[in-house]
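Colleague: Residue 1 is where the sequence shown starts when you use UniProt numbering, and the numbers rise one by one after that. Each residue gets a CB set at the ideal place from its N, CA and C atoms; glycine is no exception. Keep in mind it's a predicted model, so treat the numbers as computed, not measured. Provided herewith is a single structure, encoded as structure tokens, for subsequent inquiry.
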Amino acid sequence: MTCLYPGTFDPITNGHLDVVRRALKIFDKIIIAIAKSDHKKPYYSLEKRKKLAELAIKDISNVEIITFDNLLVDLAKEFKINTIIRGLRAVSDFEYELQIGYANHALWDEIETIYLMPSLKHAFISSSIVRSIVTHGGNVSSLVPKEILPFLKDKTCM
Numbered sequence: 001m002t003c004l005y006p007g008t009f010d011p012i013t014n015g016h017l018d019v020v021r022r023a024l025k026i027f028d029k030i031i032i033a034i035a036k037s038d039h040k041k042p043y044y045s046l047e048k049r050k051k052l053a054e055l056a057i058k059d060i061s062n063v064e065i066i067t068f069d070n071l072l073v074d075l076a077k078e079f080k081i082n083t084i085i086r087g088l089r090a091v092s093d094f095e096y097e098l099q100i101g102y103a104n105h106a107l108w109d110e111i112e113t114i115y116l117m118p119s120l121k122h123a124f125i126s127s128s129i130v131r132s133i134v135t136h137g138g139n140v141s142s143l144v145p146k147e148i149l150p151f152l153k154d155k156t157c158m
């Protein structure tokens, strides 16, 4: 069984990878679906976010990276997938994710959302924290996969 793991992944973090590894205990395959999300004004280009994610998962089997710029439920239908996984770090994440889960279900009643918590050591990591630290010249080596570290300071595509 395959599931979608959608998000902006701006950039992908160790918390994201922790959720992927947990999800692979439940699903045979994970498709990381990177949203274009112009409304969120991503720091990195869609192409760079995809390249960083590909580098990050290169040693993890049964994970595919795609990009999308349409409704998540339409993407799910296109791939014939009815399960979405989402990571929850805190109560504030839950409120937002619950609304999105309900909205997706209202659009397609066959879609299900499963919420996974990252391990405690990754619970505070977010892409926005990583971007802030990178922007100010800080060390993010414990927050992101080592494979992407050399590419984070440059906003341009690799």
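1. What separation, rounded to the nearest whole angstrom, lies between the Cα atoms of residue 173 and ASP10?
2. Give me the residue from CYS3, ASN14 and GLY7 with the minimum Cα distance to ILE148.
3. If you follow the alpha helix (DSSP H) that ALA53 is in, where does it begin and where does it stop?
4. PHE79 to ASP154, Cα distance in whole Å?
5. Measuring CA to CA, which of ALA33, LYS40, GLU95 and ALA53 is closest to LEU72?
6. Output the distance between the C-alpha atoms of ARG49 and LEU143, rounded to the nearest integer angstrom.
7. For ILE30, which residues from the same chain have a beta carbon less than 7 angstroms from its beta carbon, with the 5 sequence-adjacent residues on both sides left out?
8. Any idea if ASN104 is buried or exposed, counting beta-carbon neighbours within 10 angstroms, 16 or more meaning buried?
9. What first and last residue would you give for the beta strand (DSSP E) that runs through LEU116?
10. I want to see whether chain C comes within less than 9 angstroms of GLU97, judged by CB atoms only; does it?
11. Taking only runs that begin and end inside the stretch 77 to 158, name each unbroken beta strand (DSSP E) of 3 or more residues, in chain order.
12. Assuming the contact rule is C-beta atoms closer than 8 angstroms, ILE114 and ILE85 should be a hit. Round their C-beta distance to whole Å, please.
13. Would you kindly work out how many angstroms separate the C-alpha atoms of ALA90 and ALA123, rounded to a whole number?
Modeller: By the coordinates alone:
1. The question about residue 173 has no answer, for the chain in this structure spans 1 to 158.
2. Residue mapping note: residue 148 aligns to position 148 of the sequence shown, counting from 1. From the listed residues CYS3, ASN14 and GLY7, the smallest Cα separation to ILE148 is found for ASN14.
3. For the purposes of this step, residue 53 is taken as residue 53 along the sequence shown, with counting starting at 1. For ALA53, the uninterrupted alpha helix (DSSP H) run begins and ends at 46 to 56, by DSSP.
4. In the sequence shown, the residue the question calls residue 79 occupies position 79. In the sequence shown, the residue the question calls residue 154 occupies position 154. Whole-angstrom Cα-Cα distance: 33 angstroms.
5. Taking the first residue of the sequence shown as position 1, residue 72 is located at position 72. The shortest Cα separation from LEU72 among ALA33, LYS40, GLU95 and ALA53 belongs to ALA33.
6. The residue given as residue 49 occupies position 49 in the sequence shown. The residue given as residue 143 occupies position 143 in the sequence shown. Going by the C-alpha atoms only, they are around 16 angstroms apart.
7. Start at 1 with the first residue of the sequence shown, and residue 30 comes out as number 30. Spatial neighbours of ILE30 in its own chain (CB-CB distance under 7 angstroms, excluding positions within 5 residues in sequence) are listed in chain order as CYS3, TYR5, VAL20, ALA23, LEU24, ASN62 and VAL63.
8. Locating residue 104 in the sequence shown gives position 104, counting from the first residue. So ASN104 ends up on the buried side.
9. Start at 1 with the first residue of the sequence shown, and residue 116 comes out as number 116. According to the DSSP assignment, LEU116 belongs to the beta strand (DSSP E) that extends over 112 to 116.
10. Absence of chain C from the displayed structure is noted, only one protein chain being present.
11. With a minimum length of 3 residues, the unbroken runs of beta strand (DSSP E) contained wholly in the stretch 77 to 158 fall at 83 to 87 and 112 to 116.
12. For the purposes of this step, residue 114 is taken as residue 114 along the sequence shown, with counting starting at 1. For the purposes of this step, residue 85 is taken as residue 85 along the sequence shown, with counting starting at 1. With 8 angstroms as the limit, ILE114 and ILE85 qualify as a contact, their Cβ atoms being about 5 angstroms apart.
13. Numbered from 1 along the sequence shown, position 90 holds the residue referred to as residue 90. Numbered from 1 along the sequence shown, position 123 holds the residue referred to as residue 123. Straight-line Cα distance between these residues: approximately 8 angstroms.
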